[in-house]
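Asks:
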Amino acid sequence: MKTISFTEARDNLNSVLDQVVNEAEPIVINRSREADVVVMSHHYYNSLMETLDLLRSANNSAHLGRSIAQYKERWASPKNQ
12 MKTISFTEAR
22 DNLNSVLDQV
32 VNEAEPIVIN
42 RSREADVVVM
52 SHHYYNSLME
62 TLDLLRSANN
72 SAHLGRSIAQ
82 YKERWASPKN
92 Q
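Residue numbering for the sequence shown follows our numbering, beginning at 12 and increasing consecutively.
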């Protein structure tokens, strides 16, 4: 995750926001005397919240874990290499 200074964010706010949206990657803004903040697109935020909501359920979390393991097994097999 990219980190920039508060001054850089302030001086280039529009391009910083465009970068966050276009690259779908949050940016950390370092404030020298205050806590850092993270800027992310609304789409990224919604995706993150949906993932957290799905993982909140033990059943969903276990099912997702099994699905990921099955996917990895399929792609790690010799026929896919």
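Glycine is no exception: its CB is placed at the ideal position from the N, C-alpha and C atoms.
#1: Grouping DSSP H, G and I as helix and E and B as strand, with all else coil, what is Asn41?
#2: Ser78 to Glu61, Cα distance in whole Å?
#3: Let's test the definition: count the other Cβ atoms within 10 Å of the Cβ of Ala46 and tell me whether it reaches 16, buried, or not, exposed.
#4: Taking the alpha carbon of Asn41 as the reference point, which residue from Arg21, Ser88 and Leu65 has its own alpha carbon closest?
#5: Put Ser68 into one of helix, strand or coil per three-state DSSP.
Replies: This is what the structure holds:
#1: Correct three-state label for Asn41: strand.
#2: The alpha-carbon atoms of Ser78 and Glu61 are separated by roughly 18 Å.
#3: Ala46 is exposed by the Cβ-count criterion.
#4: Answer by Cα proximity: Arg21.
#5: Note: Ser68 maps to coil in three-state DSSP.
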